[in-house]
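Numbering (the working numbering), first residue to last: 23 to 465. Positions of the beta carbon are idealized from the N, C-alpha and C atoms, including for glycine. Here the structure is a predicted model, which means the values were calculated and not measured.
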């Protein structure tokens, strides 16, 4: 829709140009004569549109991330009343029964089900200078069979990595005092959280790092009272798993008080079967009350946060636009007052009121277009940046690392808003110029 509106705005500018008989060179000459005022007004548009582009890129990145997670043939099962994985509690005895339902797909006689425990841990961040927080929340997902869980979630590892072992730990080297430390916990990181943890390293550590951009296989970090070693990094950009640490459930759960399962992921034979399975678990399963959701729908609910941010951005955009409109209005009123004699001459030469109106409107739109293009160009530099946020819906939430994304629609929205500010800001000064009488303007 925005693209259509932008196309309409472009057509309107062409029509205005066609309707006006006053040469464009006249308008350009006046803009260059008042170049300081023109530049300051255009920069005001640039600031507004650049900020709007960055904020909308944040929302677009969050939207893509939540929409890129989940499958239509997976059913995510939580305990009754739980709106988020973090507050769910599934009894192990019921999990066995649920996994063996007829609607659950099987492979070699084994039900395709992933038992998971989602938890949030607080980490004291080392090297937090430069305005970084002293503590951060990390998302952990304790799982039993990493290969099965990864297959269920369509997750693969980046080259060089592996899934953690059945034991989930790895022996640590003897330190300089001859003391053998406790075994290191093996962890598989999402690419986003690997980058976030990688920022904790000192300059000396970065100089010898295998990957300066993020933690990589063989790197270690401290969480709780244990040392964790990275055995793999997930190719998870564009999904909520980008912000997660996967480890052996029995180890992670014991450390952070999650001895039970929070989530059960069931693979149905197809999307239609998944919907039937969800309905059965919600309405007809008698053993225990559950809160099942099709996995795709569960993660779409997280976009509620991006919707709320989007509303706030548009409110802020309206407020900033009002300032931009008054700015260009002030500039154009000053232009009209300085060129009263020119307006009188133009009218005496035979140019109509309408043509004078179009001439001043085109000047205003030109300033808006230049400022808008520059603002979009500056704002587009944020494409691909990473940011931290909280995504949630219906009372739950997840701490996420996302990538800002600048789409064609965002660019079109910025240009359209800029042209609208230019049109509204230039309309009243143009009407004032149009109403001037030739002889009075020449006095």
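Please state if the CB of residue j and the CB of residue i are separated by a distance shorter than 9 Å.
i: residue 77; j: residue 278; result: no
i: residue 197; j: residue 205; result: no
i: residue 102; j: residue 273; result: no
i: residue 163; j: residue 305; result: no
i: residue 185; j: residue 253; result: yes
i: residue 353; j: residue 105; result: no
i: residue 250; j: residue 168; result: no
i: residue 129; j: residue 257; result: no
i: residue 439; j: residue 334; result: no
i: residue 345; j: residue 66; result: yes
i: residue 210; j: residue 237; result: no
Can you tell me whether residue i is buried or exposed, with buried defined as 16 or more other CB within 10 angstroms of its CB?
i: residue 86; result: buried
i: residue 239; result: buried
i: residue 321; result: buried
i: residue 416; result: Unreliable placement is indicated for residue 416, whose pLDDT of 48 sits below 50; no coordinate value is reported for it.
i: residue 457; result: exposed
i: residue 271; result: buried
i: residue 218; result: buried
i: residue 392; result: buried
i: residue 244; result: exposed
i: residue 189; result: exposed
i: residue 220; result: buried
i: residue 383; result: buried
i: residue 64; result: buried
Excluding sequence positions up to five away, which residues of its chain have a Cβ less than 6 Å from the Cβ of residue i?
i: residue 248; result: 207
i: residue 358; result: 451, 454 and 455
i: residue 401; result: 72, 75 and 76
i: residue 90; result: 260 and 261
i: residue 314; result: 97, 99, 300, 303 and 304
i: residue 407; result: 426
i: residue 139; result: 164, 271, 275, 280, 283 and 284
Among residues of its own chain, excluding the 5 on either side of residue i, which ones have a beta-carbon nearer than 8 Å to its beta-carbon?
i: residue 113; result: 282 and 310
i: residue 122; result: 133
i: residue 259; result: 213, 214 and 425
i: residue 69; result: 397
i: residue 191; result: 205, 206, 207, 208, 270 and 273
Measuring alpha carbon to alpha carbon, tell me which residue in the options is nearest residue i.
i: residue 160; options: 144, 189, 169 and 167; result: 144
i: residue 193; options: 219, 88, 350 and 242; result: 242
i: residue 83; options: 264, 304 and 400; result: 264
i: residue 126; options: 187, 81 and 298; result: 298
i: residue 172; options: 234, 136 and 334; result: 136
i: residue 428; options: 117, 81, 56 and 62; result: 81
i: residue 174; options: 166, 181 and 180; result: 166
i: residue 57; options: 232, 331 and 385; result: 385
i: residue 395; options: 409, 211, 255 and 430; result: 430
i: residue 316; options: 292, 183, 227 and 404; result: 292
In chain order, what residues of the same chain have a beta carbon less than 7 Å from the beta carbon of residue i, not counting five sequence neighbours either side?
i: residue 398; result: 71, 75, 433, 436 and 437
i: residue 318; result: 92, 93 and 94
i: residue 110; result: 100, 101, 104, 284 and 285
i: residue 116; result: 309 and 310
Are the region 282–296 and the region 52–70 touching, with three or more C-beta to C-beta distances below 8 Å? no
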